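Participant: Sharing a structure here in structure tokens format.
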Amino acid sequence: MKREEQLQPLSHQHHNGLMAALLLKKGVGKQADPTVMDDFIVSVWNGELRNHFIKEEVYLHPHVLQIPALMDKYEQMKTEHHQIRRIVDAIRSGDSSIALITDFHTLLEKHIRFEERDLFPFIEEQIQPEQLNELGRNLEPLESKACSDYPVKFWE
């Protein structure tokens, strides 16, 4: 799917998020050590996911105020962010299980697919080019770190 250049930094991180979800799904299927998968989730969260959520929420919000039709999609995004944060918080506090790890990778994949297939195309269609350019300038410093470089290959 062709993505507007200004949103590509988010899409590149989405690719890495989908990879993280896939690796966790494989790890669960191989009955990998849940503690290792917990550490992987926290690493992905600290490495880019937390900052990614903040950027989306902060930099999309002004556009929601100008385009009321965007509000429902923005609220869905924020709700899913909150659900993912709650799972990460539970894992960080030691309250983890295979079910929670499964919930994390399932919700992360669903969330990214929603943004890529629904939210971003709507944004590209609705916001003005100058607004899209402003959004792009705010997203330029985003970096994507390959989660497959994680030192413990629990998915193999």
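Under the numbering used here, the sequence shown has 76 at position 2, and the numbering climbs by one with no breaks.
We put the beta carbon where it would ideally sit given N, CA and C, even for glycine.
Model, not experiment: these values are computed from the prediction.
(1) Give every residue of the same chain whose Cβ lies closer than 7 angstroms to the Cβ of E79, excluding the five residues on either side of it in the sequence, and list them in chain order.
(2) Within 10 Å of its beta-carbon, does D163 have 16 or more other beta-carbons around it, so buried, or fewer, so exposed?
(3) Could you give the distance in angstroms between the alpha-carbon of P108 and the alpha-carbon of G121?
(4) Kindly provide the ranges of any alpha helix (DSSP H) runs that are 4 or more residues long and lie completely inside the segment 84-143, ordered along the chain.
(5) DSSP on V162, reduced to helix/strand/coil?
(6) What I want to know is whether the C-beta of K147 ends up closer than 8 angstroms to one or more non-hydrogen atoms of the ligand FMN.
(7) Inspect the beta-carbon positions of H135 and I201 and report whether they are closer than 9 angstroms.
(8) In three-state terms, what does DSSP make of R77?
(9) What's the gap between the Cα of I115 and the Cα of I175?
(10) Could you spell out where the alpha helix (DSSP H) holding Q200 opens and where it closes?
(11) Rounded to whole angstroms, what is the Cα-Cα separation between G168 and D112?
(12) Specify whether the segment 84-101 and the segment 147-165 touch according to this definition: at least 3 beta carbon pairs, one from each stretch, less than 8 angstroms apart.
(13) Alpha helix (DSSP H) containing E214: first to last residue?
(14) Let me know if A106 comes out buried or exposed under the rule of 16 or more other beta-carbons within 10 Å of its beta-carbon.
Facilitator: Per the coordinate set shown:
(1) G210
(2) Per the 10 Å Cβ criterion, exposed.
(3) Straight-line spacing of the CA atoms in P108 and G121 works out to 19 angstroms.
(4) For the segment 84-143, whole alpha helix (DSSP H) runs of length 4 or above, ordered along the chain, are 108-118 and 124-140.
(5) helix
(6) Among the ligands in the structure shown, none appear at all, so the ligand FMN cannot be discussed.
(7) no
(8) coil
(9) 8 angstroms
(10) From DSSP, the alpha helix (DSSP H) with Q200 extends over F194 to Q200.
(11) 9 angstroms
(12) Taking 8 angstroms as the limit for Cβ pairs, the verdict is that the segment 147-165 does not touch the segment 84-101.
(13) Careful: E214 lies outside any alpha helix (DSSP H) and carries neither H nor E.
(14) buried
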